[in-house]
Amino acid sequence: MSFQNFDGWMKDNLNIPPMATSVEIKFMPNEILKTDRGDTLIWGTDYKLNWNDFKGPVPPSDFAAESNCMFNYKARPEIADGKMTLFVNFDACFIKGSSWVKEDKLQDSLLLHEQYHFNICEVYVRRLKSRLMQLELKPMQVEKQIKAVFNEVWSAYVLAQNEYDEETQHGLITENQNEWIRNVDYWLSK
Numbered sequence: 002m003s004f005q006n007f008d009g010w011m012k013d014n015l016n017i018p019p020m021a022t023s024v025e026i027k028f029m030p031n032e033i034l035k036t037d038r039g040d041t042l043i044w045g046t047d048y049k050l051n052w053n054d055f056k057g058p059v060p061p062s063d064f065a066a067e068s069n070c071m072f073n074y075k076a077r078p079e080i081a082d083g084k085m086t087l088f089v090n091f092d093a094c095f096i097k098g099s100s101w102v103k104e105d106k107l108q109d110s111l112l113l114h115e116q117y118h119f120n121i122c123e124v125y126v127r128r129l130k131s132r133l134m135q136l137e138l139k140p141m142q143v144e145k146q147i148k149a150v151f152n153e154v155w156s157a158y159v160l161a162q163n164e165y166d167e168e169t170q171h172g173l174i175t176e177n178q179n180e181w182i183r184n185v186d187y188w189l190s191k
C-alpha cells in the first residue's frame with residue numbers, strides 16, 4: 002500500500018476496534034430495566050424486598066436469613082469515526098433462588114436488615130459507575146481498566162457487607178442498625 006492510498010484505507014477502517022483513538026462510556030438508563038426477572042430482582046427505589054423473595058433452600062446455619070446480592074453488568078460497544086462508545090449498564094441484583102430465611106424468623110426487623118444488604122449493593126454499584134466515569138479509558142485497554150476498577154469496588158463492597166453484619170450483629174443491635182440505615186439512605190440520596 003502506498004501513502005497515497007493510506008488516507009482511503011484509514012477512512013475505510015476507522016470503525017474497527019484497533020483503530021479507535023478514544024473511548025467514551027455511556028450508561029444505559031436503568032429505569033426501563035427495573036423489573037423482576039424471574040429469579041433476579043433489579044434494585045429500584047419503588048420496590049422493597051418481602052419474604053416471598055427469599056426462595057432458596059435453607060442450609061444448616063446459625064443465621065436467620067441470607068440475601069444474595071450481586072452486581073449485574075451488560076456492555077455493548079459501538080465504534081464510529083475512530084471513537085469507541087461503550088454503552089454499559091450496572092445493576093444491583095438480588096438473587097431469589099440463593100437467598101433464604103428460616104420459617105420461624107420472619108420478622109420485620111430482619112427483613113429490614115436484609116433490605117439494607119440490597120441497598121448497600123446499590124450504593125456500591127453507584128460508586129462503580131462514578132469511578133468508571135473518572136477513568137481516562139484507552140481503546141486497547143478498556144477491558145483491563147474496567148476489570149481493575151470493578152475488582153477494587155467489589156472488594157470494598159464485600160468488606161462493607163461484612164462490616165454491616167458485624168457492627169449490627171445481623172440486625173440485632175438496633176442502635177447500630179439504625180446508624181447503618183441513616184448512612185446508607187444518605188449515600189443513596191446523593
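Counting from 1 along the sequence shown, just add 1 to a position and that's the residue number in my numbering. Even for Gly, the Cβ is constructed at its ideal location relative to N, Cα and C. None of these values were measured; they are calculated from a predicted model.
If you draw a straight line from the alpha carbon of residue i to that of residue j, how long is it in whole angstroms?
i    : j    : result
P30  : C94  : 16 Å
R128 : A157 : 10 Å
V102 : L111 : 9 Å
Q178 : E144 : 38 Å
K84  : Y74  : 22 Å
R183 : W155 : 22 Å
E176 : K49  : 22 Å
K148 : A161 : 20 Å
T46  : M71  : 17 Å
L136 : D105 : 48 Å
P61  : Y165 : 22 Å
A76  : T86  : 10 Å
L138 : E25  : 7 Å
D109 : K130 : 32 Å
Q142 : I174 : 45 Å
Which whole-angstrom value is the C-beta distance of residue i and residue j, which I expect to be below 8 Å?
i    : j    : result
W44  : C122 : 7 Å
F55  : K97  : 7 Å
V185 : Y125 : The Cβ separation is near 11 Å, so there is no contact.
K27  : F88  : 5 Å
E168 : W181 : 7 Å
R132 : V150 : 5 Å
G172 : H114 : 3 Å
N69  : S100 : 5 Å
Per DSSP, residue i forms a beta bridge with which residues?
i    : result
R127 : Note: R127 sits in no beta bridge, so no partner.
F28  : V89
T169 : Per DSSP, none; premise fails for T169.
R77  : F88
F55  : Paired residues: none, contrary to the question.
V102 : A66
F151 : DSSP, once it has assigned bridges, lists no residue as partnering F151.
F72  : A93
What do you get for residue i, buried or exposed, if any count of 16 or more other CB atoms within 10 angstroms of its CB means buried?
i    : result
Q170 : exposed
S190 : exposed
L107 : exposed
A66  : buried
N152 : exposed
A21  : buried
N120 : buried
Using three-state DSSP, classify residue i as helix, strand or coil.
i    : result
T46  : coil
S23  : strand
E67  : strand
I121 : helix
K139 : coil
I174 : coil
F4   : Here F4 scores only 45 on pLDDT, less than 50, and its place in the model is too uncertain to base an answer on.
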